[in-house]
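What follows is a set of notes on a single structure, which appears directly below.
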Amino acid sequence: MEVQSVLVAMGECYDSNMDDSRDNKKNRFSNTMVFMEEYLNNVLNDELPFHNEEKNKLTYEVVSLARHLIYFGFYSFFELLRLTRTLLGIIDCRPHPGYAGLLFHDDGSGKNVKRSIHGMGQIMSTMVLNRKQSLFGGSGPRGAGLGAGLAIDGQRGSKDSIDKTDLTVMDTKLKILEILQFILNVRLDYRISFLLSVFKKEFVDVYPMADADATTNMEHAATINLQHIGEQAEAMFGVGKGNSILEVDDEGGRMFLRVLTHLTMHDYPPLVSGALQLLFRHFSQRQEVLHTFKQVQLLISAQDVENYKLIKADLDRLRTLVEKSELWVEKKNSSGSDGKKDKKEKGEGASENATPKKEKQEKGNENYQKVKEILERLNKMCSSGVWKKQQRLLKNMGAHKVMLDLLQVSYDLNDVKMQEIIKFTHLFLQKFCTGNQENQTLLHKNLTLFLNPGLLEAETVQHIFCNNYQLCSEISESVLQHFIHCLATHGRHVQYLNFLHTIIKAEGKYVKKCQDMIMTELTNAGEDVVVFYNDKTSFNVMLELMAESREGVGESSPLRYHISLVELLAACAEGKNVYTEIKCTSLLPLEDVVRVVTHEDCITEVKVAYVNFVNHCYVDTEVEMKEIYTSNHIWKLFEDFTVDMARVCNKREKRLSDPILEKYIINVVFDTIIAFFSSPFSENSTSLQTHHTIMTHLLQSSVRLLDCPWLQQQHRGQVETCIKTLAMTAKSRSISLPLDLEAQISTMLSSSALNSLSRSNPNYKSSSRSSRPIAPSNPWDYKNIIEKLQDIINTLEERLKPLVNAELSVLVDVLHQPELLFLEGTDARQRCESGGFISKLIRHTKALMSAEEKLCIKVLRTLQEMLIRTLDFDEKGIALRKVLLQNYLFPNKKNNLKNDLAELGASGVEQERDWAAVAAVQCRLDREGGTKLFTDLVMSSKNDKIFQESIQLAICLLEGGNTEIQNSFYKLMMGDNKSEKFFKVLHDRMKEAQTDIKATVSVNVGEMTHKANEKELETGGSTALVLPGTGAHPLLVQGPSIAPVTGASAMPVQPVAEQREVEMEMGPAVTIMKPILRFLQLLCENHNHDLQNFLRCQNNKANYNLVCETLQFLDIMCGSTTGGLGLLGLYINESNVHLITQTLETLTEYCQGPCQENQTCIVTHESNGIDIITALILNDISPLCRYRMEMVLQLKDNASKLLLALMESRHDSENAERILFNLRPRELVEVIKKAYQQEDSECEGGEVSPREVGHNIYILAQQLARHNKVLQNLLKPQKNNKEGEEGISSMLNNLNNRPLSQMLKSSAPAPVVEQDPLEYYDLLTSQIEIVRDDRSMEQIVFPVHPICEFLTEESKIRVFNTTEQDEQGSKVTHFFEQTSFLHGEMEWQKKLRSMPVLYWFSRRMSLWGTISFNLAVFINLIIAFFYPYDSGQVGAIDDSLLLMLFWILTGLSVLCLFSQRYGLQPLTIALILRSIYHLGIGNTLILLGSLNLINKVVFVVSFVGNNGTFIMGYKAMVMDVEFNYHLAYVLTSTLGLFVHELFYSILLFDLIYREETLFNVIKSVTRNGRSILLTALLALILVYLFSIVGFLCLKEDFIMEVDPLAQIAAAPQQSEASQDFMKSCSADGVSCTSETVSVAEDEEAPSSERACDTLLMCIVTVLNHGLRNGGGVGDVLRKPSKNEPLFPARVVYDLLFYFIVIIIVLNLIFGVIIDTFADLRSEKQKKEEILKTTCFICGLERDKFDNKTVSFEEHIKLEHNIWNYLYFIVLVREKNKTDYTGPESYVAHMIKNNNLDWFPRMQAMSLVVTDGDGEQNEMRMLQDKLALTMKVVITLTTQLTELKEQMTEQRKRRQRMGFADVQAGASASLPPSAAGGNHQMYKT
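The structure is reproduced here in structure tokens:
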């Protein structure tokens, strides 16, 4: 333990040797340093580094010492890195045996790059610009050597287990983290100075120092090689082992990350925070360099360097003096040095504190003098030269920190010298932050120092807030209260009021919040602060004060305070603030003001204040101040004005020497007059007529003033405006003015118009002239260097920006898979895999909330990135990302890196986001506590930034409608009763936003409308005024033509500027609403019914109805509080339109599903919400729609969706009626038409097309039309003329007179090209009825998805005709099975449209079919006639006949062409005949065959095109019968062409395929094929049996006659008889040759033969002859004589065969066939009958609709249209699941489960409604009533139980009290009876 104390002593010894030079000191400490390194290496090689507690303490001290030595710069950069590696090794959880030896073999190459780092900021400031680049090259190999020498042997035991034991260990690790932070700072400085050295080198190369001719230099000024610098900047951040000497460890940063990840999982919060800080820093190196490099301040001129040195020396001395202030400042007697905070540590670490020289302690006075001198010098600095630059320099050098420390020095209040010093300090700070927002913010952080009663402090605070809108709007109430309190307790000083005045207006905007707060505080403060002299006695006091101040008001005079106060009040009411106006007028009544101002002793300053007060609090107000228009007070004021104006104009030529009076007249008086006469409230006041003389006087005085030559140009405008306003008012009130005055005014106006025109041009010219290039100057001057530096900053930004994002994105990957950093099987790895790291991170974030807000925000942002990746960077970024990932996470995988990267989303531009993967991450984070984290943060965060980020995190968790997260949130809220607090936060935010909007919106709108009116008046008025004048004056003629021009030109310009002004006004309270509303929307996404209800009612003591609040918010956003629904455009502008859209979306999500309670809640809310939503649809949102149409469309779209959601699935008409209440049907229809017409004019590729919006509004109109007859009629497209026309044309068609009908058709509708919008939308809108879970029916109107137009007619006909019924007689099942096929077909057809050639072929498929059949017929005809070609048969049809036929057919075809029927066939035949005649038959056949083959190939192509066969996959292709049939056809055609012509005959079978009738005939055989086959089998069995009998018994009878063949060939000349004979001969198998000529010889023998010698022969004979002969087998057997013994048997045999086989069996087969045929026909009839008379969907028959409101035709066309159901299913499949309406999500759910209960079965709404208006509805109403009653009963019972509990409580309490009484009585010895009584009562 001695070592430890020695170390501490050494640390102290450092201070005492301050004079020695650094090297001496370094040598003195060298032994210590060696000891330290050796000791740390021992620790590193220890088996268990932190197991010995004593040693741990020593380690801690050694590390602390190391930190001190490092801070004092005793280490070179590379020694630092070496030390770091040792330290990292110690806390790493991974073994490195034999590591220590390695660290010390320094091969000397590092020596040349050693350089000391003097203090932290030293590099930045001294700018050692001439360092060579050898820095980088020099130590590359060494770094590589270190990396290579690593060896990893065995696993060490408890090194990776996380110790929870020892605090010392934790602190040691914390110290190591501090050292790491310091090293990262040094590395940053190193990089910055490297960049600057590169810059300097480049700069010197381009501009040599010799003062060459400046202009020549200017020419190649831009040639600094930015590219080169950029490349070097990128090279600074080498990645991986050996690439970068700047890595902190030897594994290219891997070890560093591993250590940090490991530390993050510790349970010691400071350590976790430190590790996270470093983690973020590590992944934002490029960002850090960029950020810091931007703030580099170069000291270029010698003067700069001088200043710098001066300031540095001064600050160092000052710092030392402040630190030792106890020694020289005279103390208060009591408090010793308690008030002093030892700032030494901070001074060393954070400010650029080079080693201060040691001061000899001298007398106090001398020190006072020194400090004062330093401060004076610094003050001078700050106010001289380029003060912005000096401010920045002082900031960078930390001057303000020293000053703040100086302010904290405690001193004796009577110490005058010290007070002077403090005064100088304040002066310095005031100058330091004047007009510099960064510095203001810096000082604002230490605001508490200034909140004491001193006046200097008040001035400084005023400077901190001066003109800084952000600080002013964020000011806390306590600050204001402090100042008001000071006023009350420390005297009424003007300085305090000045501060209040400062924060009211900043950057030209009024801070309404401050106005309200000041007003409230002032009124609360009462008489002490608010001093008015308005009663009798005090009025005299005021007069005296004014008399004293004739020459000018003294600074400390009470009058000065009073004036300031009145001005402050006026400022509070400025900018139209209702709240403050009313307060002000109550404080200072008008008559008192008038009394003061019109008093002859009143001095000008008071007048200025008071009249200004009148202007802002009475005249230019938000609400009308009645008394000003009814009483005479204001006119008295006006009279007084004329007097003062007369005083100013007294000496016309000479200017008056009273500037205050002049200011009063020109600024205050004219402002008030203008405001009064142009105020919208003055229009209806009658006092104008009565006081017209005063008006005339005012006009005369103004005109007189305008004539004064000394009036400056800028004031002239003001006076002219005033005259204009007065003249306008006079004219509009028909007050007659003296003629000369009128003439004067009109000339004045016209000349001013001319002036303004001519004035605008010269200015323009002069301004353009002034921008000519400045004379070239020395390139080494400040400006040039700074410009070049700016270029470099831009280059770096360009090059590093994409890399910054890429680098940060890798952090997200590391957080996703931290386990990859650790070795397999280690404890840490398992913890990471089980989510330990993420859950620790999430848990720690909550702890960060209060301590380190910035870090908390960073973590939250990273968590958001984990959920929703946005990889927006270019190739370079992607490359860097790959390298980093490879380096950190996959160091050993070289080969399959691609897959892993793709997995981690490194594939660059992201495709469609993979929601499944996102959902997995969301659920993972939720498991680790993500949901809990954001709820906790939202509930307890005070910081807006954190609140915003946590809401964003919630949005990312819920994005994509993740139901799991919704449920976990719901559980969390229901669980430990957090909901009340959570919802209170959101509710308060909404309320705050509402008040904020109320405050800002009303003002701006008032101003805008007012200005707009004014402009109209100007343009109109200027012309009108000129006209009455006589035409003599030449200017008058020009007047009218010119004046309007200026007005008109001013008009468009100003609204835009005005609007920008309005837009800026969305405060932070309002902007935060967008994420909040998005979050609420996502909570209800996918119609989460529980949460929808939960947002409305949480069942807590305090309920927060967020649904109503959201509606209220919309109401206030759109300004309905001021009642201007028609002026929507004034409230909605570019900045808040997104917010309104979001609000509408959120409201929609609340109701969809449908959540009926929320619908009712919104519709019945007392605000104007519904009217606003309808107004959004009906109104053109005026200024916005001119330049951002797509935003307006988006609004209308969402508004219409919201109204639809409000009526969704409602059976009553309450909601619809409420919506229709303020909605005029005609306007709605106009809006629809307008949207339709917009499409053509503005086809910008916006996200919303106008037609789509129109369509949504049309659907809304359709839904509303059910409840409104007018609207219903308006929506019907006019079809009167069309219907008649169609009727005629159909009749004509029936007459087959087609050309005529076509002529009629084409002539009529030619002019009507424009389609009626309503008709267009009608076509694209469908309705269906669905059945809900509770068996109630509901009608849905929906848009037809664009893909549906690709459904082909063939498919429609096929589905309609071939859909089969199921067992219940419903066709829906089969239809539903086909829907996915039909949908696929639509998609294919859509795809087909993109392939025009294929589409062209496919469209004409039937044509190709017809052609191929016709060709087959022609070919076969030719073959039939002419085959074989060489036989002389041609003669049968000779040439002349051919020719004749040709002409006949040609004539026929011409005739037929006229009648348009069958014209082509005769012509084709004619052409074929012609070609036979010319080409010969063979060639004609080849020609036709080729044509046929080509045509069939085309047919197959178009068949494939139509059906999309190839995209189905091979299996489907092989199984597709039709496809195979066509392929076989092609094959046959090919065989016919190339093998033999007779193959063509097979093609005729195509007839069966083409003709349905023939197909049915064949079906009659094939359909009952099985029974036919079985019957045939029976026949076979019978034949077999008969054969056996025949073989056994009747062998001899089987003798057949045969006709032999042989002789025909031998002797063709023989007679026929002999031929016959030969035939029979051969048939018998007897050899009879031609030699046997005599016929008579052997007549019988050869002509017959035995036919049953074997059983097989028997079977064949019986089959063959028996079945073919009408009488059975008996017909062909030997005819026996009746005498033969077997005769009866033969008879029986023959008869049996005849009856059984021929009559029964064969007729059975025929019967089956015929029967099937009949069945088929009746089935077909029945099918047609069903198609005609029953509804496809619900199966109701035609007679059900007789005498009902809806006919059957209407029912199947409108209510249950089969295609509408298909379109709806397609819509549900195509639509994004998060955009579903309630019914859509219900149907989607049903479809997913293949449940068809949503199709109406045997029911239709039109029938239900007509049945006495539906028992269903009655039932439903009864059910609703029942439910309500139940609710009431339940609430009553709960109340009763509560009552009961309360009663028992009370009873118990009484009993207790009774008991207490007894005891008390016992002690006070009451009479026994009383005590007893009490006692008894207690017993009961």
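Whatever position you read off the sequence shown (first residue = 1), add 75 for the working numbering. Every residue, glycine too, gets a C-beta built ideally from N, C-alpha and C.
Query                                                                                                                                   : Result
Segment limits, beta strand (DSSP E) that includes residue 1414                                                                         : 1412–1418
Span of the alpha helix (DSSP H) around residue 1405                                                                                    : Residue 1405 -> not in any alpha helix (DSSP H); beta strand (DSSP E) instead, spanning 1400–1406.
Span separating the alpha-carbon of residue 1394 from that of residue 1151                                                              : 41 Å
Residue 1308 versus 1297, 1299, 1330 and 1298, residue with shortest Cα-Cα distance                                                     : 1330
Local Cβ density within 10 Å of residue 1475, reported as buried at 16 or more and exposed below that                                   : exposed
N- and C-terminal bounds of the alpha helix (DSSP H) containing residue 1723                                                            : Unbroken run through residue 1723 is the beta strand (DSSP E), 1723–1725; no alpha helix (DSSP H).
Coil, strand or helix - residue 1220 by DSSP                                                                                            : helix
First and last residue of the uninterrupted beta strand (DSSP E) at residue 1676                                                        : 1674–1676
Burial state of residue 642 (16 or more Cβ within 10 Å)                                                                                 : buried
Cβ-Cβ distance between residue 1404 and residue 1068 below 8 Å                                                                          : no
Residue 1462 to residue 1453 span [Cα, whole Å]                                                                                         : 14 Å
Residue 692 beta carbon near the ligand HEM (any heavy atom closer than 7 Å)                                                            : Ligands displayed in this structure: none; no statement on the ligand HEM is therefore possible.
Coil, strand or helix - residue 585 by DSSP                                                                                             : strand
Reduced DSSP category for residue 697 - H, G, I as helix; E, B as strand; rest coil                                                     : coil
Euclidean distance between Cα positions of residue 1815 and residue 1445                                                                : 10 Å
Contact set for residue 1792: own chain, Cβ-Cβ below 6 Å, skip 5 residues either direction                                              : 1639
Among 1868, 1882, 1862 and 586, nearest to residue 1874 - alpha-carbon criterion                                                        : 1862
Complete alpha helix (DSSP H) runs within the region 1832–1857 (minimum length 4 residues, chain order)                                 : 1837–1849
Residue closest to residue 741, alpha-carbon to alpha-carbon, out of 683, 761, 706 and 704                                              : 683
Straight-line gap, residue 1448 to residue 1631 (C-alpha atoms, nearest Å)                                                              : 26 Å
Contacts around residue 1255, its chain only, beta-carbon distance under 7 Å, and the 5 residues preceding and following it disregarded : none
Counterpart residues of residue 1965 in DSSP-defined beta bridges                                                                       : A query on residue 1965 cannot be resolved here, the shown segment of the chain reaching from 76 to 1959 and no further.
Buried versus exposed, by CB contacts within 10 Å (16 or more), residue 1910                                                            : exposed
Beta-carbon proximity check, residue 813 vs residue 771, cutoff 8 Å                                                                     : yes
Distance, residue 1644 Cα to residue 1790 Cα                                                                                            : 12 Å
Simplified DSSP assignment, three categories, for residue 1809                                                                          : strand
DSSP state of residue 714 mapped onto helix, strand, coil                                                                               : helix
In chain order, each alpha helix (DSSP H) run of at least 4 residues that lies wholly inside the region 1141–1179                       : 1143–1146, 1148–1159 and 1164–1171
The region 1169–1180 contacting the region 1040–1060, beta-carbon criterion three pairs below 8 Å                                       : yes
Residue 1826 (DSSP reduced to helix, strand or coil)                                                                                    : coil
Through-space distance from residue 1043 to residue 756, alpha-carbon basis                                                             : 57 Å
Exposure of residue 1439, with buried meaning 16 or more beta-carbon neighbours within 10 Å                                             : exposed
Where residue 1037 falls, given that 16 or more other Cβ within 10 Å makes a residue buried                                             : buried
Cβ neighbour criterion (16 or more within 10 Å) applied to residue 1523                                                                 : exposed
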